[in-house]
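All you need for this note's numbering is the position in the sequence shown, starting with 1, plus 694.
No residue lacks a Cβ here, since even glycine has one placed at the ideal position from N, Cα and C.
Predicted model only: the values in this text are computed from it and were never measured.
Note sheet for the following structure.
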Amino acid sequence: MALQTTYFDLGLYASSFWKTTHGYDSWASLMFPSTVGHISHFSPLLGPIALIYSLIPDPVTLLVIQSVAIVSSVIPLYYLALRESGRYGLSLAIAGLLLVNPALLGIVRYDFHVEAFLPLFIFSLYYAYRSGKSRTYYLSLALLLSTIEYAAVLGLAVALSIWLEKRTLDRKILVATVSSAALVALLVASNTGALAFLNWPANWFTRQLYGGSNVGRAQDYVQPFLGLLPTLSAFQHDIGPKLFYLLVVFAPAGLTPLRSPQRILPALPWTVVVLASQRSTFYNLGFQYAAFLLPFVYVSAIPFLSTLYKPGRFLRFVGLGFIIIVVLSALVFGSPVSGQPWPVPSQLLGCMAQVRSTLPGNATLLTQNDLFPQLSGFPYATINSTLQNPPQYILVDVKSAWYNWTDVPLGYPVSMRQQVGALLNNTGYTLTTDYRGLRLYRISSTTLPTWLNDC
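Given below as structure tokens:
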């Protein structure tokens, strides 16, 4: 609430972590594609993160872990830049430019995303390869591939990029190629019925290719390629915002695409996705998908900025760059007309904390998208209820925009207002609290030990 987080994605992650670590759900349902109500990503990395979360089981813990991962990514980037350029000032400048990039700030500004770990693992992979640290290289590769489905594409692209730059095929490149290709094959095969024993629903990667359903016919395997031609018209959709997004993300790379195109190669697949997409979140600086591009932009920026480096002139250049980025960040995230304002504390925090501490831990509870993260420790909380199984409690904020939210493609065709209206009309509920629009209803057959009518 205070951080403008929602069920997607902090609430869903926090709920899955809580239910897994408390024995309500299996570890497999957390780390691998699963049914509705779970993360449904191929992300073994979530296992170790859940163990850290269990020490302090609170949604804020996930935000702290994510922020630490992002900040830590500048360490391998700094050492990579230092190894390639031999210049301390340049290396510090490149690391600093990463931290103030608006696209990076969008990843950690609110909510929790596994994509936030990609810069750390990718920079570590490059540094380990350049410095000949085999163990660090293989560990970084394993962590990268355990993050999210698209990391398999990134692994293939990184291997190809290094091979084109080095012009020799060594064991490290071969391992990255084979392991990444194997993961792509596993993800696709799990969605075609070839690996039905895994019992995985459509994962994020194959949903982007084939949609939400499994495929089984021969022509279905080439569906994405047959549909390529009609999607060319999609490049015209929102072309202005797309180009602005790419300009902000790619600015540090400068002329690198012309000087050493192999370095920027791993960013090309997602760049095409951005240009062809009609999904605005893919080219919005407030979302996590810039993590698919930013690491390669800064790896590419090293040789470009090295050519500009002259102690006096370079300081002025970097200083100007910092000013431009700070101003750009303020325009993107601070302007009231930007649609991406900075999160502000909510007046309902105190009341929300009281609600959370008073409700029974095993209560069935219907709540709305933006309240769910604070209730993620309740195993039977949901944002989608039915008249057949009316919840014991309903907690909503009628003044929030989420009270009227619907999203048919995501499977939420009925707003919270409509759900609550139907439940109140068909089931006996008592209004327990109404504080600045925050309303708590309880089913008539339930009681609360103690409760204040207002907060």
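Start-to-end residues for the alpha helix (DSSP H) that takes in residue i
i, result
"residue 1136", "Residue 1136 -> not in any alpha helix (DSSP H); beta strand (DSSP E) instead, spanning 1132-1137."
"residue 1151", "This structure cannot speak to residue 1151, because the chain is shown only from 695 to 1149."
"residue 1052", "1043-1052"
"residue 755", "753-766"
"residue 788", "782-793"
"residue 865", "865-884"
"residue 819", "812-825"
"residue 947", "First-last for residue 947: undefined, no H or E at that position."
"residue 984", "Segment: none, residue 984 is in no alpha helix (DSSP H) and carries neither H nor E."
"residue 849", "845-860"
"residue 743", "740-749"
"residue 721", "721-725"
Identity of the residues DSSP links to residue i by a beta bridge
i, result
"residue 1124", "1136"
"residue 1101", "1106"
"residue 1075", "1059"
Assigned secondary structure, residue i (DSSP; H/G/I helix, E/B strand, else coil)
i, result
"residue 959", "helix"
"residue 772", "helix"
"residue 919", "At residue 919 the pLDDT is 46, less than 50, meaning the model places this residue with poor confidence; the figure from the coordinates comes in the next sentence. If DSSP states are grouped into helix, strand and coil, residue 919 belongs with the helices."
"residue 1129", "strand"
"residue 934", "helix"
"residue 830", "helix"
"residue 841", "coil"
"residue 978", "coil"
"residue 801", "helix"
"residue 1040", "coil"
"residue 895", "coil"
"residue 1065", "coil"
"residue 1083", "coil"
"residue 711", "helix"
"residue 700", "coil"
"residue 973", "coil"
"residue 929", "helix"
"residue 992", "helix"
"residue 806", "coil"
"residue 655", "There is no way to answer for residue 655, as the model of the chain reaches only from 695 to 1149."
"residue 718", "coil"
"residue 736", "coil"
"residue 954", "coil"
"residue 1000", "helix"
"residue 779", "helix"
"residue 1031", "In this prediction, residue 1031 scores a pLDDT of 49, lower than 50, which makes its location untrustworthy; the coordinate-derived value is nonetheless stated afterwards. Coil."
Beta carbon of residue i nearer than 8 Å to that of residue j
i, j, result
"residue 785", "residue 772", "yes"
"residue 1053", "residue 1060", "no"
"residue 674", "residue 710", "The structure shown does not extend to residue 674, since the chain is modelled only from 695 through 1149, so no value can be given for it."
"residue 1041", "residue 1130", "yes"
"residue 1087", "residue 1136", "yes"
"residue 799", "residue 946", "no"
"residue 1150", "residue 789", "With the chain running from 695 to 1149 in the structure shown, residue 1150 is simply not present."
"residue 970", "residue 929", "yes"
"residue 840", "residue 737", "yes"
"residue 1121", "residue 1134", "no"
"residue 959", "residue 819", "no"
"residue 1073", "residue 817", "no"
"residue 801", "residue 985", "yes"
"residue 942", "residue 1067", "no"
"residue 1055", "residue 712", "no"
Limits of the beta strand (DSSP E) - the one that residue i falls within
i, result
"residue 1061", "1059-1061"
Residue i CB to nearest heavy atom of the ligand FMN below 7 Å
i, result
"residue 1102", "You won't find the ligand FMN in this model; it holds no ligand whatsoever."
Contact between the region 709-721 and the region 1092-1108 is defined here as three or more beta-carbon pairs at a separation below 8 Å; is this criterion met? Taking 8 Å as the limit for Cβ pairs, the verdict is that the region 1092-1108 does not touch the region 709-721.
Stretch pair the region 742-759 + the region 772-781: three plus CB contacts closer than 8 Å: At 8 Å Cβ cutoff, the stretches do not touch.
Check whether the region 806-820 touches the region 760-771, counting contact only when three or more Cβ pairs, one atom from each stretch, lie closer than 8 Å. Cβ pair count under 8 Å is three or more, so yes.
Three CB pairs or more closer than 8 Å across the region 929-945 and the region 817-827: Flag = no, the region 929-945 and the region 817-827 do not touch.
The region 863-875 touching the region 839-850, judged by at least three CB pairs closer than 8 Å: Put simply, the region 863-875 touches the region 839-850. At least three CB pairs are less than 8 Å apart.
Is it true that the region 1102-1120 meets the region 1061-1081, where meeting means three or more beta-carbon pairs spaced less than 8 Å apart? A contact exists between the region 1102-1120 and the region 1061-1081.
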